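Here the structure is laid out as structure tokens; the discussion comes afterwards.
In my numbering, the protein residues as written are 414 to 498.
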């Protein structure tokens, strides 16, 4: 169980992909995903903390939002032998 919590903490803290976390801990990516989900479910059921259920809609709140798409998309790099444009 300690290793599972450590896996989750490194996933949350370092914000690495599940693939990289799984590789570091010697498990498959689906296993790492299940571990993270299991630990999150245990934390939620413990009632040691709570997340806001509703966002307040009052005055004095700045609702400016910035959305960043950080989707990882593999790209092909030019080969060293290719001519530069």
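Just so it is clear, CB atoms sit at the ideal spot from N, CA and C, and this is done for glycine as well. Fair warning: this is a prediction, and the values are worked out from it, not measured in the lab.
Within its chain, find whatever has a CB closer than 8 Å to the CB of residue i; leave out the 5 residues flanking it on each side and keep chain order.
i           : result
residue 481 : none
residue 430 : 485
residue 417 : 448, 451 and 452
Give the DSSP-derived three-state secondary structure of residue i in the structure shown.
i           : result
residue 441 : coil
residue 435 : helix
residue 503 : Lying before the first or after the last residue shown, residue 503 is absent from the chain, which here runs from 414 to 498.
residue 479 : coil
residue 453 : helix
So, at 7 Å on beta carbons, what are the nonlocal neighbours of residue i in its own chain, with the 5 sequence-adjacent residues on each side left out?
i           : result
residue 435 : 441, 442, 444 and 445
residue 433 : none
Please classify residue i: is it buried, with 16 or more other beta-carbons within 10 angstroms of its beta-carbon, or exposed?
i           : result
residue 479 : exposed
residue 421 : buried
contact_flag[the stretch 425-443, the stretch 455-468] where n(CB pairs < 8 Å) is 3 or more: no
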